[in-house]
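These protein sequence lines are chains E and G, in that order.
In terms of the working numbering, the first sequence opens at residue 718 and continues consecutively.
In terms of the working numbering, the second sequence opens at residue 0 and continues consecutively.
For every residue, glycine included, the Cβ atom is placed at its ideal position computed from N, Cα and C.
Since the structure comes first, as structure tokens, the remarks are kept for the end.
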Amino acid sequence: MSRSDVLVDADWVQAHLDDPKVVIVEVDEDTSAYDKNHIRNAVRIDWRKDLQDPVRRDFVDQAGFEKLLSEKGIANDDTVVLYGGNNNWFASYAYWYFKLYGHESVKLLDGGRKKWELDSRDLVAEVPERPATEYRAKAQDTSIRAFRDDVVAAIGSANLVDVRSPDEFSGRLLAPAHLPQEQSQRPGHVPSARNIPWSKNANDDGTFKSDEELKALYEAEGVDLSQDTIAYCRIGERSALTWFVLHELLDQSSVRNYDGSWTEYGSLVGVPIELGSGK
Amino acid sequence: MCGAKAGGPELAGVDVASETIIQGSVTRDGEPVNGYVRLLDEGGEFTAEVPTSATGQFRFFAAPGTWTLRALVPGASVDRKVVAQQGAFTEVAIAV
Numbered sequence: 718m719s720r721s722d723v724l725v726d727a728d729w730v731q732a733h734l735d736d737p738k739v740v741i742v743e744v745d746e747d748t749s750a751y752d753k754n755h756i757r758n759a760v761r762i763d764w765r766k767d768l769q770d771p772v773r774r775d776f777v778d779q780a781g782f783e784k785l786l787s788e789k790g791i792a793n794d795d796t797v798v799l800y801g802g803n804n805n806w807f808a809s810y811a812y813w814y815f816k817l818y819g820h821e822s823v824k825l826l827d828g829g830r831k832k833w834e835l836d837s838r839d840l841v842a843e844v845p846e847r848p849a850t851e852y853r854a855k856a857q858d859t860s861i862r863a864f865r866d867d868v869v870a871a872i873g874s875a876n877l878v879d880v881r882s883p884d885e886f887s888g889r890l891l892a893p894a895h896l897p898q899e900q901s902q903r904p905g906h907v908p909s910a911r912n913i914p915w916s917k918n919a920n921d922d923g924t925f926k927s928d929e930e931l932k933a934l935y936e937a938e939g940v941d942l943s944q945d946t947i948a949y950c951r952i953g954e955r956s957a958l959t960w961f962v963l964h965e966l967l968d969q970s971s972v973r974n975y976d977g978s979w980t981e982y983g984s985l986v987g988v989p990i991e992l993g994s995g996k
Numbered sequence: 000m001c002g003a004k005a006g007g008p009e010l011a012g013v014d015v016a017s018e019t020i021i022q023g024s025v026t027r028d029g030e031p032v033n034g035y036v037r038l039l040d041e042g043g044e045f046t047a048e049v050p051t052s053a054t055g056q057f058r059f060f061a062a063p064g065t066w067t068l069r070a071l072v073p074g075a076s077v078d079r080k081v082v083a084q085q086g087a088f089t090e091v092a093i094a095v
């Protein structure tokens with residue numbers, strides 16, 4: 718895997734807007750952003766309605782993912798290009814999801830919606846029609862997904878990377894600062910976790926830093942990239958971006974995203990929690 | 000949508016007393032600008048980012064302290080330092 722296999726720039730997307738084997742998919746935290754406008758021919762995946770189980774806290778299952786992609790007109794041999802707002806947080810989350818269910822060719826648009834907008838590129842309101850497919854997903858690849866017990870077992874032994882902002886890591890904030898702060902879980906972080914905010918992976922315009930800069934970032938923060946790594950945030954979307962950096966761009970084999978993240982860990986009874994900056 | 004609304008978004012339904020709110024608008028020659036606003040902490044580290052609304056407005060739920068707002072719009076980037084307090088909302092008008 719190399720950068721060009723998993724990341725495309727806006728010019729590449731522009732050149733493939735009418736390519737029938739390329740499906741551009743917008744995934745946004747603000748799921749209404751697509752209604753306003755989107756990249757021409759892009760379809761929408763709603764991270765909450767389409768990707769989560771409607772009742773219990775978990776993902777849609779394999780059959781649910783097959784149904785979703787079939788309805789969206791995505792075939793197994795299509796190249797899927799994901800983009801979204803918030804510096805691709807939820808697009809990265811969807812990317813990880815596509816990999817979890819074994820989709821072969823999936824890429825992120827570097828910089829996502831923000832870069833596209835800051836470049837003043839065209840956005841349209843028309844919704845494309847794609848004929849339905851018969852998509853077949855693979856069983857979940859749990860080698861890239863961490864659960865709460867994996868996190869507790871990793872304390873003091875594997876790399877734990879907390880990608881939230883320093884204020885969330887220290888316990889000063891409970892959620893990203895564009896969301897209300899009233900939450901039920903306890904503030905803080907998993908003991909022995911290093912705070913390497915997701916934002917350090919990206920430039921102001923949302924594009925990823927170079928492989929050399931990224932490698933230097935994790936080494937400078939004392940992450941031994943030869944060890945197993947678990948990344949987490951609040952609900953697993955920002956850490957999906959860090960998972961993308963470590964697993965897809967830097968090609969590290971043992972990196973898992975903990976999608977339960979702080980909203981689960983901070984609510985568990987009896988697990989250790991550390992407060993403060995950790996330094 | 001035409002014309003910028005002064006100040007941040009409506010506060011109806013927001014628990015102002017328990018939150019530390021930083022909000023405002025981004026304008027160019029008095030007109031709202033579509034772009035992004037980033038919230039940076041005292042160390043200059045990214046904390047959050049929102050797109051501006053159709054009327055150029057933005058809002059953050061922060062913690063008390065000193066923050067920097069960075070407006071990113073096509074072709075420009077403007078920083079503004081603000082001090083936020085719990086129970087009060089800090090209004091910031093950013094002209095780019």
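{"Asked": "In the segment 881 to 899 of chain E, which residues sit with their C-beta less than 9 Å from some C-beta in chain G, listed in chain order?", "Found": "S882, P883, D884, E885, R889, L890, A892, P893, A894, H895, L896, P897, Q898 and E899"}
{"Asked": "Under 8 Å by Cβ, that's how I've got S24/G and G55/G pegged, so tell me the actual separation to the nearest angstrom.", "Found": "4 Å"}
{"Asked": "Name, please, each residue of chain G whose Cβ falls closer than 8 Å to the Cβ of D921/E.", "Found": "R37, R69, L71 and S76"}
{"Asked": "Going by beta-carbon coordinates alone, are V730/E and I762/E separated by less than 7 Å?", "Found": "no"}
{"Asked": "So the alpha helix (DSSP H) L931/E belongs to, where does it begin and stop?", "Found": "D928 to A937"}
{"Asked": "Could you work out which residues of chain G lie near G953/E, taking near to mean beta carbons separated by less than 9 Å?", "Found": "Per Cβ cutoff of 9 Å: no residues; G953/E is ~17 Å from chain G at best."}
{"Asked": "Tell me which residues share the same chain as T19/G and place their Cβ nearer than 6 Å to its Cβ, disregarding the 5 neighbours each side in the sequence.", "Found": "A61, A62, P63, A83 and Q85"}
{"Asked": "Can you grab the Cα-Cα spacing for the pair L890/E / L963/E, in whole Å?", "Found": "26 Å"}
{"Asked": "Where in the segment 809 to 886 of chain E do unbroken runs of the alpha helix (DSSP H), each at least 4 residues long, occur, reported from the N-terminal end onward?", "Found": "829 to 835 and 865 to 871"}
{"Asked": "Using a Cβ-Cβ cutoff of less than 6 Å, which residues in the same chain neighbour A863/E once the five nearest sequence positions on both sides are dropped?", "Found": "I947, R973 and Y975"}
{"Asked": "Can you give me, in chain order, the residues of the segment 819 to 837 of chain E that have a beta carbon less than 9 Å from any beta carbon in chain G?", "Found": "R830, K831, E834, L835, D836 and S837"}
{"Asked": "Please tell me whether V95/G and I21/G are closer than 7 Å, where the distance is taken between their beta carbons.", "Found": "no"}
{"Asked": "In chain G, what lies closer than 7 Å to N876/E by C-beta?", "Found": "Those within 7 Å of N876/E in chain G number zero; the least Cβ separation is about 20 Å."}
{"Asked": "Which chain G residues are close to S956/E, counting only those with a beta carbon under 7 Å from its beta carbon?", "Found": "Correct list: empty, because the minimum Cβ distance to chain G is about 15 Å."}
{"Asked": "What does the alpha-carbon distance come out to for the pair D735/E and G953/E?", "Found": "32 Å"}
{"Asked": "What first and last residue would you give for the beta strand (DSSP E) that runs through D78/G?", "Found": "A75 to A83"}
{"Asked": "From what residue to what residue does the alpha helix (DSSP H) around F60/G run?", "Found": "Note, F60/G: premise wrong, no alpha helix (DSSP H); beta strand (DSSP E) at Q56 to A61."}
{"Asked": "What residue does the alpha helix (DSSP H) around L786/E start on, and which one ends it?", "Found": "Q779 to K789"}
{"Asked": "Which same chain residues, not among the five before or five after A871/E, have their C-beta less than 6 Å away from its C-beta?", "Found": "L877 and I947"}
{"Asked": "Taking Cβ positions only, does E916/E come closer than 7 Å to chain G?", "Found": "For the record, residue 916/E in the displayed sequence is Ser; it is not Glu. Yes, S916/E lies at the interface with chain G (some Cβ there is under 7 Å from its Cβ)."}
{"Asked": "What are the boundary residues of the alpha helix (DSSP H) that L958/E is part of?", "Found": "R955 to W960"}
{"Asked": "Name, please, each residue of chain G whose Cβ falls closer than 7 Å to the Cβ of G802/E.", "Found": "P50"}
{"Asked": "Is any beta-carbon of chain E found at less than 7 Å from that of T26/G?", "Found": "no"}
{"Asked": "Are the beta-carbon atoms belonging to G802/E and A727/E less than 7 Å from one another?", "Found": "no"}
{"Asked": "Which of helix, strand or coil does DSSP assign to V49/G?", "Found": "strand"}
{"Asked": "On the criterion of 16 or more Cβ atoms from any shown chain inside 10 Å, does V760/E qualify as buried, or is it exposed?", "Found": "buried"}
{"Asked": "Is the distance from the Cβ of P915/E to the Cβ of R951/E below 7 Å?", "Found": "In the sequence under discussion, the amino acid at residue 915/E is Trp, which differs from the Pro named in the question. No, these two residues do not count as a Cβ contact at 7 Å."}
{"Asked": "How would you list, in chain order, the residues of chain E whose beta-carbon sits under 8 Å from the beta-carbon of A94/G?", "Found": "The premise fails here: A94/G is roughly 18 Å from chain E at the closest Cβ pair, so nothing lies under 8 Å."}
{"Asked": "Under 7 Å, Cβ to Cβ, is there at least one residue of chain E near F59/G?", "Found": "yes"}
{"Asked": "Since R739/E is in the alpha helix (DSSP H), which residue starts that stretch and which ends it?", "Found": "The displayed chain sequence assigns Val, not Arg, to residue 739/E. Element bounds for V739/E: not the alpha helix (DSSP H) but the beta strand (DSSP E), V739 to E743."}
{"Asked": "So, is the C-beta of A62/G closer than 7 Å to a C-beta in chain E?", "Found": "yes"}
{"Asked": "Taking 7 Å as the threshold (beta carbon to beta carbon), is F45/G in contact with chain E?", "Found": "yes"}
{"Asked": "Answer yes or no: do V49/G and A70/G have a C-beta to C-beta separation smaller than 7 Å?", "Found": "no"}
{"Asked": "Closest to G34/G by CA distance: which of S837/E, Y814/E and D752/E is it?", "Found": "S837/E"}
{"Asked": "Does DSSP put A70/G in a helix, a strand or coil?", "Found": "strand"}
{"Asked": "Between which two residues does the beta strand (DSSP E) harbouring V13/G extend?", "Found": "It is not in any beta strand (DSSP E) - V13/G carries neither H nor E in the DSSP assignment."}
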